[in-house]
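Asks:
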DNA sequence: ACGATAACTTATCAATGGTCAGTTAACAAC
DNA sequence: GTTGTTAACTGACCATTGATAAGTTATCGT
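Protein chains in written order, with the working numbering: chain A, 2 to 226; chain B, 2 to 226.
#1: With DSSP as the reference, please indicate the residues paired to residue 223 of chain B in a beta bridge.
#2: Express the C-alpha separation of residue 23 of chain A and residue 125 of chain B in angstroms, rounding to a whole number.
#3: Suppose only complete runs of 4+ residues qualify. What are the alpha helix (DSSP H) ranges in the segment 57 to 124 of chain B, listed by chain order?
#4: Closer than 8 Å between beta carbons: that is the criterion. Which residues of the segment 199 to 220 of chain B meet it against chain A?
#5: Among B/112, B/214, B/119, B/177, which one has its Cα closest to the Cα of residue 75 of chain B?
#6: Just verifying my parser: in three-state terms, what is the DSSP assignment at residue 151 of chain A?
#7: Comparing the C-beta of residue 61 of chain B with each C-beta of chain A, is any distance below 8 Å?
#8: By Cβ distance, which residues of its chain are closer than 7 Å to residue 170 of chain A, with the 5 residues on each side in sequence left out?
#9: Can you name, in chain order, every residue of its own chain whose Cβ lies under 6 Å from the Cβ of residue 50 of chain B, other than the five neighbours on each side?
#10: Are residue 44 of chain A and residue 92 of chain A closer than 8 Å when you measure CB to CB?
#11: For residue 156 of chain A, would you say it is in contact with chain B, using Cβ-to-Cβ distances shorter than 8 Å as the test?
#12: Taking residue 179 of chain A as the reference, give the member of B/96, B/105, B/209, B/46 with the closest Cα.
#13: Please classify residue 176 of chain A as buried or exposed, where buried requires at least 16 other C-beta atoms within 10 Å of its C-beta.
#14: Taking only three categories from DSSP, how would you classify residue 50 of chain B?
#15: Under 7 Å Cβ-Cβ, which residues of chain A neighbour residue 41 of chain B?
#16: For residue 217 of chain B, does the count of other Cβ atoms within 10 angstroms reach 16, so buried, or fall short, so exposed?
#17: Leaving out five residues on either side along the sequence, give the residues of the same chain with a beta carbon under 8 Å from the beta carbon of residue 89 of chain B.
#18: Count the other CB atoms, across all protein chains shown, that sit within 10 Å of the CB of residue 65 of chain A; report buried if there are 16 or more and exposed otherwise.
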């Protein structure tokens with residue numbers, strides 16, 4: 002009936018019903034719309050209906066492509082953190098002292114987190130943690146780096162690798178590489194989390210805090226002579 | 002005395018309408034019920050209706066005593082963090098090297114956070130931050146330490162005081178006391194937040210991480226000779 | 001032309017936080 | 001006692017949320 006589209010009007014922002022086999026493009030549109038809303042208005046304001054409206058489709062249509070709302074947000078975060086992983090991969094390939102690399106890692110990580118506070122929040126600070134993330138230990142997640150929600154785990158595993166490298170290259174560490182990586186990550190995460198959680202507090206300059214934390218960690222994890 | 006009415010039933014839980022001027026006891030009952038539910042089932046499962054049910058009162062009745070759900074949770078957190086403040090106050094009065102006190106502080110803080118993960122989450126990690134907390138800078142909050150949501154701020158201000166004491170007592174710090182306090186807090190917060198956020202991850206032993214972080218911070222914030 | 005089915009919609013669900021217009025009961029004043 | 005005031009409380013209701021059920025439409029291979 003409405004197949005004629007009323008004299009050429011498109012029935013939706015993105016051109017109406019998809020052709021057979023083109024469903025994945027709708028999926029991408031949903032992710033795009035969700036991302037926009039998410040960045041514009043945050044998690045709470047990004048409702049199923051608002052996403053659907055922006056895509057130009059009914060709300061239940063989203064459930065054809067995602068199991069639930071968390072799955073959408075998870076896919077979004079994976080997209081974002083995929084970029085961080087690329088960033089870090091470059092960094093890892095570079096030559097240089099592993100402890101220097103650790104600091105580079107921390108700097109890149111912190112800046113990335115602060116540039117994507119909403120996604121960072123969802124993955125590393127969220128109150129309402131999607132089931133898939135909550136149960137996913139970092140280590141086990143590396144089994145399948147493409148599983149939704151596992152990207153954060155991959156990031157951490159790279160840090161462990163760098164610390165292992167540090168020990169292998171002759172640095173005397175005060176703790177096992179795993180523990181060093183955990184302490185390093187926790188430190189820099191503390192900085193990022195605090196800055197994101199209380200953006201209006203008169204913190205010391207961000208760069209100073211990041212550098213300060215990394216200096217502290219670096220000094221702290223090497224064993225004294 | 003006041004409770005002795007009719008057949009001597011206590012006016013406490015499910016005991017019917019409060020007498021005039023006794024509304025505050027209902028308020029306490031609401032907080033108690035909310036706390037139980039909160040610890041049993043977490044934030045999301047603690048709905049207005051469930052709290053009301055447990056108290057034995059209708060849902061709108063809660064709004065006689067609290068402006069909204071956040072206000073209930075905020076009052077709960079304040080209760081909990083009030084105990085932490087007492088703990089720290091004791092510690093602060095004790096004699097000893099300020100940097101030792103800083104470590105004591107960190108240990109007490111971390112243990113407390115891990116013992117009250119739900120409240121900690123709500124105050125320091127929550128995705129959905131009550132307006133009152135979000136706008137409350139730590140420093141300004143000390144103006145009125147009894148304002149709802151300000152207890153977390155008081156805790157931090159104690160740490161700043163300890164670091165100031167450290168500098169005053171002759172320690173050469175690598176950064177201003179404020180910055181040192183921020184780094185110390187961020188470090189220990191990173192540990193607590195990580196352990197709470199991903200409880201199933203095979204982290205290094207908690208005590209080792211806490212001690213490790215504090216050692217790192219201590220070593221890191223003093224200026225090298 | 002026909003049948004299978006991917007793509008999509010309308011109607012609806014139960015639960016949520018929150019508001020409103022009352023109702024009931026405690027108490028003081030007469 | 002009777003009455004007026006008002007603190008304490010309730011039932012009905014609202015908009016919004018994530019999610020489901022069941023039906024409809026359009027595309028495509030045959």
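All residues carry an ideal CB built from backbone N, CA and C; glycine is no exception.
Replies: Quick look at the numbers:
#1: B/174
#2: 44 Å
#3: 70 to 94, 99 to 116, 118 to 121
#4: 199, 201, 202, 203, 204, 205, 209, 210, 213, 214, 216, 217, 218, 220
#5: B/119
#6: coil
#7: no
#8: 99
#9: 60
#10: no
#11: no
#12: B/209
#13: buried
#14: helix
#15: Here the premise fails: no neighbours, minimum Cβ distance about 17 Å.
#16: buried
#17: 106, 109, 110, 156, 159
#18: exposed
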